[in-house]
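Participant: Quick note: the sequence shown uses numbering that gives the first Met the number 0, first residue 0, plus one each step.
Take a look at this one; I'll ask things after.
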Amino acid sequence: MITIIIPCLNEKGNINIILKNLSFFKKNKHLVIDGGSNDNSEKLYIKNKIKFLTTLPSRGLQQLKGAEKSDTKWLFFLHADTELNIENILEIKKFIKNNNEIKIAFFKIIFREKKFIAKFISIWANIRTLLFKLPFGDQGLLISRNYYFKIGGHSKEKVMEDLELVTKVPKKNRILLKSRVITSFRRYEKNGVFVQGIIHIICQILFLLNVNKKIIYKIYTRNE
Numbered sequence: 000m001i002t003i004i005i006p007c008l009n010e011k012g013n014i015n016i017i018l019k020n021l022s023f024f025k026k027n028k029h030l031v032i033d034g035g036s037n038d039n040s041e042k043l044y045i046k047n048k049i050k051f052l053t054t055l056p057s058r059g060l061q062q063l064k065g066a067e068k069s070d071t072k073w074l075f076f077l078h079a080d081t082e083l084n085i086e087n088i089l090e091i092k093k094f095i096k097n098n099n100e101i102k103i104a105f106f107k108i109i110f111r112e113k114k115f116i117a118k119f120i121s122i123w124a125n126i127r128t129l130l131f132k133l134p135f136g137d138q139g140l141l142i143s144r145n146y147y148f149k150i151g152g153h154s155k156e157k158v159m160e161d162l163e164l165v166t167k168v169p170k171k172n173r174i175l176l177k178s179r180v181i182t183s184f185r186r187y188e189k190n191g192v193f194v195q196g197i198i199h200i201i202c203q204i205l206f207l208l209n210v211n212k213k214i215i216y217k218i219y220t221r222n223e
């Protein structure tokens, strides 16, 4: 079995996406980890019978707590604004069936925004992931529970938590799946495409250089 773990913070506007994603996992388990939302998300969780728990607002901590609460063989970490499709589900099943218990898998992405720049950025993101095997969390992360805890799980940091998890896995064991998930362009729309792109590059470089996470967090959230 698999547990789908979704870290949330004020994601009321994405409740329909969350429900659609959970509908693919009816025979499995799910857990929404809320970081203390103030947009009445909790009422929607209860109304829609979504299992959830509340933690401090740190995506790394939220995902770690979700993993600790799980009791299934496999874990699938997914952002609230990332949308799955049947091709993704079939690849998840195939990956699990092939006993990839010391590997981590993730999808290609495409943005909902139809503008050329959004398509261009998604193409670049997929090329980057193919070359360096360094995905972001919005690409989904599939890993066995035993291996997740063997490599130390997510850190409790508020930034680069997914990248840090992935780099604990040998590059040869990081698997880019063939299908694409649909995800949000909202951070680019909010901060500007050029600015957000530069922020991503700077933060990744600083992370790989082992710069203090507090400094990276300040840069990553400077426009929020």
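All residues carry an ideal CB built from backbone N, CA and C; glycine is no exception.
Can you give, in chain order, each stretch of the alpha helix (DSSP H) that sits fully within the stretch 109-154 and has at least 4 residues?
Facilitator: With a minimum length of 4 residues, the continuous alpha helix (DSSP H) runs that stay inside the stretch 109-154 are 115-131 and 144-149.
Participant: By the 10 Å Cβ neighbour count, where 16 or more other Cβ atoms means buried, how is proline 134 classified, buried or exposed?
Facilitator: So proline 134 ends up on the buried side.
Participant: Alpha carbon to alpha carbon, how far is leucine 63 from glycine 151? Give it in angstroms, no decimals.
Facilitator: If I take the Cα positions, the gap works out to 10 Å.
Participant: Can you tell me which of the three DSSP states serine 178 falls into?
Facilitator: In this structure, serine 178 counts as strand in the three-state DSSP scheme.
Participant: Measuring CB atoms only, is the stretch 52-61 touching the stretch 29-42, in the sense that at least three cross pairs come out at less than 8 Å?
Facilitator: The stretch 52-61 vs the stretch 29-42: in contact.
Participant: How big is the Cα-Cα spacing for lysine 171 and glycine 196?
Facilitator: Cα to Cα, the separation comes out at about 27 Å.
Participant: What number of angstroms, rounded off, separates the C-alpha of phenylalanine 184 from the C-alpha of asparagine 190?
Facilitator: Roughly 10 Å between the two C-alpha positions.
Participant: Between isoleucine 204 and lysine 102, how many whole angstroms is the CB-CB distance? I'm expecting something under 8 Å.
Facilitator: No, isoleucine 204 and lysine 102 are not in contact; Cβ-Cβ is about 26 Å, not under 8 Å.
Participant: So, under 8 Å CB-CB, isoleucine 108 and threonine 182 are touching, yes? Tell me the CB distance rounded to an integer number of Å.
Facilitator: With 8 Å as the limit, isoleucine 108 and threonine 182 qualify as a contact, their Cβ atoms being about 5 Å apart.
Participant: Where DSSP assigns a beta bridge to phenylalanine 105, which residues make up the other side?
Facilitator: Beta-bridge pairing links phenylalanine 105 to Leu175.
Participant: Cα separation between asparagine 39 and isoleucine 14?
Facilitator: Going by the C-alpha atoms only, they are around 11 Å apart.
Participant: If we ignore side chains and look at the alpha-carbon of each, how far apart do proline 169 and phenylalanine 131 end up?
Facilitator: Approximately 11 Å between the Cα atoms of the pair.
Participant: Helix, strand or coil for leucine 30? Go by DSSP, reduced to three states.
Facilitator: If DSSP states are grouped into helix, strand and coil, leucine 30 belongs with the strands.
Participant: Measuring CA to CA, which of Lys11, Lys25 and Phe105 is closest to leucine 164?
Facilitator: Looking at the Cα atoms, Phe105 is the closest of the given residues.
Participant: Would leucine 83 pass as a contact of phenylalanine 23 if the rule is Cβ separation under 8 Å?
Facilitator: Result yes, Cβ atoms of leucine 83 and phenylalanine 23 sit closer than 8 Å.
Participant: If distances are taken between C-alpha atoms only, which option among Lys118, Glu41, Gly12 and Gln61 comes closest to glutamate 160?
Facilitator: When each option's Cα is compared against that of glutamate 160, the closest is Gln61.
Participant: Taking only the alpha-carbon atoms, compute the straight-line gap between valine 194 and isoleucine 91 and give it to the nearest angstrom.
Facilitator: Each residue's alpha carbon lies about 34 Å from the other.
Participant: Among the candidates Lys113, Asp70, Ile200 and Lys149, whose CA atom is the shortest distance from the CA of arginine 127?
Facilitator: Comparing Cα-Cα distances from arginine 127 to each of Lys113, Asp70, Ile200 and Lys149, the minimum goes to Ile200.
Participant: Check for me: the beta strand (DSSP E) holding leucine 200 runs from which residue to which?
Facilitator: Sequence check: residue 200 is isoleucine here, not leucine. Element bounds for isoleucine 200: not the beta strand (DSSP E) but the alpha helix (DSSP H), 192-207.
Participant: With distances taken from CA atoms, which of Ile120, Cys7, Phe206 and Lys48 is nearest asparagine 37?
Facilitator: The candidate whose alpha carbon is nearest that of asparagine 37 is Cys7.
Participant: In terms of residues, what are the limits of the beta strand (DSSP E) holding isoleucine 4?
Facilitator: Residues 1-7.
Participant: DSSP has phenylalanine 51 in a bridge; who is on the other side?
Facilitator: Val31, per the DSSP bridge assignment.
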